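**Student:** Residue 1 is where the sequence shown starts when you use full-length UniProt numbering, and the numbers rise one by one after that.
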Amino acid sequence: MGALKPWHILIFVVVLVLLFGAKRLPDAARSLGRSLRIIKAETKGLIDDDNNVAEKAEPQFSRQPIQGEAPQTNGYQQAPPPQQPAQPYVDPVQRTNDR
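Given below as structure tokens:
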């Protein structure tokens, strides 16, 4: 197989024009360009989102200092323990009267 020559490209363009018509080719190229721009913007947005999440992520735990050792700080704070949701108070007397 040889390299792609100019007459190969010319034959390809002629076949495209015969199959799709000269009127539809610019519309198809325009919609293809829009699709590629949308894909490019979305992938850039996903990469930016990943970078933002990585920058905001903080470690959950840090190493505890040994007794007598000065604590080392690396700019991160230890995450607070998770809070239990408060349960609403239900009066047992009122509950039995509702039945």
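Even for Gly, the Cβ is constructed at its ideal location relative to N, Cα and C. These numbers were taken from a predicted model, which means no experiment stands behind them.
How about ILE38: is its C-beta nearer than 8 angstroms to some C-beta of chain C?
**Tutor:** Chain labels in this structure do not include chain C; a single protein chain is all it has.
**Student:** For ASP27 and PHE20, I'd like the C-alpha separation in whole angstroms.
**Tutor:** Within the sequence shown, numbered from 1, the residue matching residue 27 stands at position 27. Within the sequence shown, numbered from 1, the residue matching residue 20 stands at position 20. In a straight line, the C-alpha of ASP27 is about 11 angstroms away from that of PHE20.
**Student:** Counting only the same chain and skipping the five closest in sequence on each side, list residues whose C-beta sits under 7 angstroms from that of LYS40.
**Tutor:** Taking the first residue of the sequence shown as 1, we reach residue 40 at position 40. Hits under 7 angstroms: none found.
**Student:** For a test of the three-state rule: what should DSSP assign to ASP91, helix, strand or coil?
**Tutor:** Counting from one through the sequence shown, the residue named residue 91 turns up at place 91. ASP91 falls in the coil class under three-state DSSP.
**Student:** For THR25, which residues from the same chain have a beta carbon less than 8 angstroms from its beta carbon, with the 5 sequence-adjacent residues on both sides left out?
**Tutor:** The residue given as residue 25 occupies position 25 in the sequence shown. Looking at the sequence itself, residue 25 is Leu, so the reference to Thr does not match. Same-chain partners within the cutoff: LEU16 and VAL17.
**Student:** Let me know the secondary structure DSSP gives PRO81 once reduced to three states.
**Tutor:** On the sequence shown, residue 81 is found 81 positions in, with the first residue counted as 1. PRO81: coil per DSSP, three-state reduction.
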